[in-house]
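Enquirer: In the numbering used here, the protein residues as written are 9 to 147. The C-beta atom is built at its ideal place from N, Cα and C for all residues, glycine as well. Have a look at this one before I ask anything.
Structural data, given as structure tokens:
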């Protein structure tokens, strides 16, 4: 955590994404959902963060490398202090996805097959998150 601007860049499938983040005293860096800690920059009570905060951005991912839930890949990169590791297909039965609407922990396979709707509470997830799956899961 630093109080100066940070520049991060990511290359994803022929595109470059640049994020400039200004962290200030009091910015939300973690929250709890159903007693589970979720980290992120400006993280809210439904897992939204400074990078993704639409009404549909309500999923947090537990990173395989640190077993910690983060709002998104960019929040992990900014806060974790280490590189991300993706979940292998052999571990898709593990619970590593958190619904920010109901607090249910979903198995990776359950999330990947849910068609952008929580199988527990039926809250809609952002269907565009599928384009980010290679950042988290073996595809």
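(1) How long is the line joining the alpha carbons of residue 61 and residue 49, rounded to whole angstroms?
(2) Report buried or exposed for residue 56, applying the criterion of at least 16 other Cβ atoms within 10 angstroms of its Cβ.
(3) With distances taken Cα to Cα, identify the nearest neighbour of residue 71 among 103, 51 and 43.
(4) For residue 139, collect the residues of the same chain with a Cβ closer than 6 Å to its Cβ; drop the 5 residues on either side in sequence, then sort them by chain order.
(5) When we look at the beta-carbon of residue 86 and count the other beta-carbons within 10 Å, is it buried (16 or more) or exposed?
(6) Spatial neighbours of residue 137 within its chain, please: C-beta separation below 6 Å, excluding the five flanking residues on both sides.
Expert: On the basis of the coordinates in this document:
(1) 11 Å
(2) buried
(3) 103
(4) none
(5) buried
(6) none
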